[in-house]
Every structure is written in C-alpha cells, then in structure tokens.
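Just so we're aligned, residue 575 is where the sequence shown starts under the numbering used here, counting upward by one. Glycine included, every Cβ here is placed at the ideal spot set by N, Cα and C.
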Amino acid sequence: MVKQTTNGQKMSRMNLQLRKFIFPFFLIVFFISSSYINSTPIYSLKNSYSPAQKGISYGKNGMVTTQHFIATEVGEKILNKGGNAFDASIAIGFTLAVVLPRAGNIGGGGFMVMFHDETQKSYSIDYREKAPKLSNRDMYLKDDGSFNDQKLSTFGYLSSGVPGTVAGLWEVHQKFGSLPWEDLLEDAIHYAENGFQISPYMSNVLRTYHEKLSYFEETKKIFLADYPDFKNNLIQKDLANTLKTISTNGRDGFYKGAIAQKISSSMKKNGGLISLHDLSNYEAIWREPLKSDYRNLQIITMGPPSSGGVHIIQMLNVLENYDLSSFEHNSSKYINLLAETMKYAYADRSEYLGDPDFYDVPLSKLTSKSYANSISQNIQFGISVDSSDINPGMYIDNESSETTHFSVADKYGNVVSSTYTLNSTFGSGVVIEGTGILMNNEMDDFSSAPGIPNQFGLLGAKANEIAPYKRPLSSMTPTIVMKNNELFFTTGSPGGARIISAVLQSILNIVDFEMNLEEATYAKRIHHQWQPDILEVEFSIEDNLNKELSNIGYELKVSNPLTCIQTIMLKNGTFSGYGDFRRPDAFASGNIND
Ligand code: GLY
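Okay, here's the thing in structure tokens:
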C-alpha cells in the first residue's frame, strides 16, 4: 500500500528497492566509523553476506518465522505432519537451542503469548527463570555495601537463574499439543547429534565471542572445535543425549534425575546457587495476557514479569491521541513524539515493574487511557524534555541485546508468539559438564544493587530487587494484534531494553503507515529509554534530520542494529512473513500443505 506523507513523498516500492542497496552501504560506513555504541559488532565487514530472507514469504496454510532457517524448516515440517502452531513452536524452541546457541536455549527462559482457535481465547505462559532459593538481595554487593565486580551477575555460575524453557514448552504441550512430545524433539536431537553447517553469520558470532567461549573448558570444547572453517559442522553430542532424556521423560528429564543432579553438583562445585530443590520446584505459570485496543485493533501481549506488554500498551495509548498517518514517517516531528513517549514509559518501568508474585505492579493505572492522556498533555512538539525532569525512578541499563523471537500461525487459526533468552549472547558462558546445556545469566536482569548507586551512579528500584524464587524483570514483548477477532499480525524481537521500542515501531509501521512486512522491516528504528538521555538511531542519520533533532535538544547516537523483528501477517486469507535482515540467518516461510 502506498502511503502519502505530509511533504508529498511516497513510501513507494522503488524507494524500498533503493533502501535495499543503501542499507548494506550504511552498514559498511557504519562499521568503518567508530561511532557505534556497542563495541561488539553484530556484522563483520570481512565476511558480509546476504540474509537468508530474499523477500516476503507467502503461504495459504500457515507461516513460521524464526531467527534460524533450520528452525523455520523444522516448524514447517511439524505443521506439514499435521501438528498445530503449538507443536511447531515447541519443536522450534528445542531446535533453536541447538542451531542458535547464542540465544536459543534449554538453559534459559521466556514467554509465550498464544491465540487458541478452538476456545477463541488468548493465553500466555511465563517460563521466565527464577532466582535460586539461596540468592539474596545483596548477593552482588561487597561487604561495605558497594557494588561488586559486575561480572558476577553476568558471567559464570553465580549469574544463572533456574531455567524455565523445558517446563514452559512442556506445559504448552500438555494444554494444546496434538502430536506426541517425542516427535517434537526429533529434529533438535538430529541436529545436535549429527551436527549442522555453521553459517557465515554464526561463524562471525563465534569469532566475536571467542574469549567468552574460551573461559570454561566445557564450553570451549563444544563451541571452539575447528570453528573458523565456514563449512564446519557443529556437533553437540552431550546436548543430544540431554534432549533424548527430555524426549523420554518429559519435563522431569530436565528438572529431576541425572541431568538435574549434574546441574546442581556443577553449581555447587563452582560457586553457583541452583540446587536440586530449585530445579524440582520450578513451575511455568499460565498468566492472563494483557489486552488492550489500539485504533479498533485488539492488542494481546505479555504482562509482568515482562515490562514489555505494559509499556507497549501505555505508549500506544499515548500515541492514539495523534493522527500518526498524517506524519511523515521518521521525520523529526514523528521521532520527537516517539522519543518523548518512550521517555515516560521507560521512566515508569524503572520504578513500578517487577515480578507480580512479589510486587504489586500498578497495572491498571499504567495501561489506562486516562493516564496516557495525561502523558500526552505533557508532550510538546519541538521540545525534548530533559530526562531528569521526568520522574520517578532511575533506569539501570544492564540488559543485553541478545534473546530470540519466533512466531507460528497455522491453518486452524492458532497463533503463537514467543520470545526466549539466555540474556547475554551465550548467556553465562557456562556449559554444565556432560549435558551440553548452556546456562543463562538472567540474574543480571534484577536490580543488582537496590538503593545503592552502581558503577554508573544509577539506582535500581525495590520492585525488581533480588529475592529467592523471584523472576527478574524482562523487556520481552511477544505480541499478537487481532482485527475483528482474527489474526492481523504477530510480532516480537530480541534486543534487551530495545525490544519494547522495536515492537512499538513494528506495530505503528503496519497499522498507521500501512507498510508491508518488508517495508516495516527495512524502516530504521529509533530508541529512547529515558536514561541515559540519548536518542539512538539505527545505521546512520541524514544531515538535515540530525540538525532538526539536535535543534529540538536531543543528544543523538548512531547505534548498531540490535533488534530483529519476526512478524507474521494475515491479509485476505494469505499469510505473509519476513525474517529481519539485521540477523541474516532469520527466515520466514510458509510452505505448508493443505
Ligand atoms: N534478558 C532480556 C530480557 O528479558 O528482557
């Protein structure tokens, strides 16, 4: 659909083609310049290559999109075998643990938002990691109360929470699965046992994280075998055996018995806290999904302990007060409005969001239209309000840009949107001896030092302080958007704190600017998280826009692309999908039989 913008420019197909050439150029310029924020590049100049996705994928009988083409193929295979979207998602979850070890996992956790056709109801499951019983609020502080070496919460055994992925996938299978559990692990076991070819992109990732992957012998043994060879197969025999145990014994194969023993004794030996008791008591939780409406569409998203859904709804409520379709997309006026809206949401996140089982999150206030109206009354075009003038809390930017999202829609009308994570790339860096399980470093998503300034002089809030059995706050935002009780699209992304702003823009691009999935993916994303008071723009920024935004008062930073939107849309009975080029192995496909 062609969109007329205020200055008469058109979002045309030709512009899209142009952007396809311009973006790789941006990437090159961007990496040559040293101005990017994160010192760990996602792309490498030396080994640049084209994304797996070559255009929008279409399908009549369903669609799968994941961050790895092998996992997408596995999802399609399950649908073609007669499985439903829930079966396919479970198989994808296990397969990504093998083929996308940087984020896919059985040693981490996540969230899944679902629409179940038979009951015509939406559901969400929280399979987020939990703090071990022996954790405590001050575990990352020194005796004098000052913040300890931050690496304790990000690297090694002490940084891991009790994993939730296997319990989450098991629960979904118990409730909605249609194929036998063992069938859903078959492909993951195959790829772990026989290996799979490392893509050029994955090879770059392994190189980039060489130091982290070298520290622990067990991790090094698996991931640094002969890695620089692009034709290399990654074989994970121990992981294959672990998956076989889970295939035979279900969730108990992970949380009880030999594997649980190995996790707890390895933790004990190396200063970690996760015990047999923590594992056998872990439960994934079915929670009511958050629901709201935006311009007559129904938004279904994840509630706490994710902050994502709350703030997506809050920001959409603010933006509903404006006729965004009359704005020029990514003009200074539009970016000004988005950035100011984001500041208020992220400020609230810092103070009010945490695990709802431990803290009374003021959900109805934060997601109310009247609260959003009061925020929009404070926003003035042409002005960037100083972040220090926006109360309440202080933001700790300790979230990693890793994580991965996958979505499945089937021909029956079921929809699954799931985001799961190890937190940082390759999580804690720890592989539990003899199991192939890469462990998360999710403890870092807590406020490590509540009430005490950390090394950046920032404070954390009580809502997200560490407590035994508590779940750390997340930004993961798996979301489904329905139109007249039918799927319109489903979306989600990795990217730590940037997930929320990326999902927001993915919704606005489709709803307000009527972009197709390719256009919505290629559109540059901006991000403002209140603290630090910096406006991030992906890739590059044109001189005139730079000037206009600087004149408004923004401190601008060009950032590397940290998000990766995976969206499936349904229009006139046809599904479309697009794997974000920002992670070149991402792939959407809909080759599904009648
Ligand atoms: N670990 C990233 C998140 O949960 O948001």
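Self-check item: With 16 other Cβ atoms within 10 Å as the buried cut-off, status of Y617
Solution: Unreliable positioning characterises Y617 in this predicted model, as indicated by a pLDDT of 33, which lies under 50. The coordinate reading is nonetheless provided below. The residue in question, Y617, is buried, as its Cβ has 16 or more Cβ neighbours within 10 Å.
Quiz item: For the alpha helix (DSSP H) that T816 lies in, which residues bound it at each end?
Solution: 811–823
Quiz item: What do you reckon, is the C-beta of N997 under 7 Å from a heavy atom of the ligand GLY?
Solution: True, at least one ligand heavy atom lies under 7 Å from that Cβ.
Self-check item: Residues near S1150 by beta carbon distance below 6 Å, same chain, minus five either side
Solution: Here the set comprises I630, Y632, L1091, M1143.
Quiz item: Is N855 buried or exposed, if buried means 16 or more other CB atoms sit within 10 Å of its CB?
Solution: exposed
Quiz item: Rounded to a whole number of angstroms, what is the C-alpha to C-alpha distance between M916 and L927?
Solution: 15 Å
Quiz item: Quick one: what does DSSP say W755 is sitting in, helix, strand or coil?
Solution: helix
Quiz item: Starting from H747 and walking both ways along the alpha helix (DSSP H), at which residues does that stretch end?
Solution: In the DSSP annotation of this structure, the continuous segment of the alpha helix (DSSP H) that includes H747 starts and ends at 739–750.
Quiz item: Measuring from the CB of R1073, is there a heavy atom of the ligand GLY at a distance below 7 Å?
Solution: Going by the sequence as given, residue 1073 is Ile instead of Arg. Checking the Cβ of I1073 against the ligand GLY gives yes.
Quiz item: CB-CB under 8 Å to A832, same chain, minus the five flanking residues each way: which ones, in chain order?
Solution: T819
Quiz item: Are there 16 or more other CB atoms within 10 angstroms of the CB of E791, so buried, or fewer, so exposed?
Solution: exposed
Quiz item: From which residue to which residue does the alpha helix (DSSP H) around L1174 run?
Solution: In the structure as shown, the chain starts at 575 and stops at 1168, and residue 1174 therefore has no counterpart that could be examined.
Self-check item: alpha helix (DSSP H) runs wholly inside the segment 691–743, at least 4 long, in chain order
Solution: 725–728
Exercise. With hydrogens ignored, establish whether the beta-carbon of T875 is closer than 7 Å to any heavy atom of the ligand GLY.
Key: No, the Cβ of T875 stays beyond 7 Å of every heavy atom of the ligand GLY.
Quiz item: Thinking C-alpha only, which one of A1071, E692, K1121 is nearest P1135?
Solution: A1071
Quiz prompt | Rounded Cβ spacing between L847 and A834 (contact assumed at less than 8 Å) | solution = The pair is not a contact, with the Cβ atoms about 14 Å apart (cut-off 8 Å).
Quiz item: Could you give the C-beta distance for S1048 and D1018, rounded to a whole number, given that I count them as a contact under 8 Å?
Solution: Contact flag wrong, Cβ pair sits at about 12 Å.
Quiz prompt | G636: CB within 7 Å of a non-hydrogen atom of the ligand GLY | solution = No heavy atom of the ligand GLY is found nearer than 7 Å to the CB of G636.
Quiz item: How long is the line joining the alpha carbons of R1156 and G827, rounded to whole angstroms?
Solution: Computed Cα separation, rounded: 36 Å.
Quiz item: From F1113 to K1121, what distance separates their C-alpha atoms?
Solution: 17 Å
Quiz item: Shortest alpha-carbon distance to D934 belongs to which of T1148, S838, K1036?
Solution: Nearest C-alpha to D934: K1036.
Quiz prompt | Segment limits, alpha helix (DSSP H) that includes R861 | solution = For R861, no alpha helix (DSSP H) segment is defined; the enclosing uninterrupted segment is the beta strand (DSSP E) at 859–861.
Quiz item: Which term fits I957, buried or exposed, when burial requires 16 or more other beta carbons within 10 angstroms of its beta carbon?
Solution: exposed
Quiz prompt | H784 and F1087 closer than 8 Å at C-beta | solution = no
Quiz item: What residues match up with E1112 in a beta bridge as DSSP calls it?
Solution: S1133
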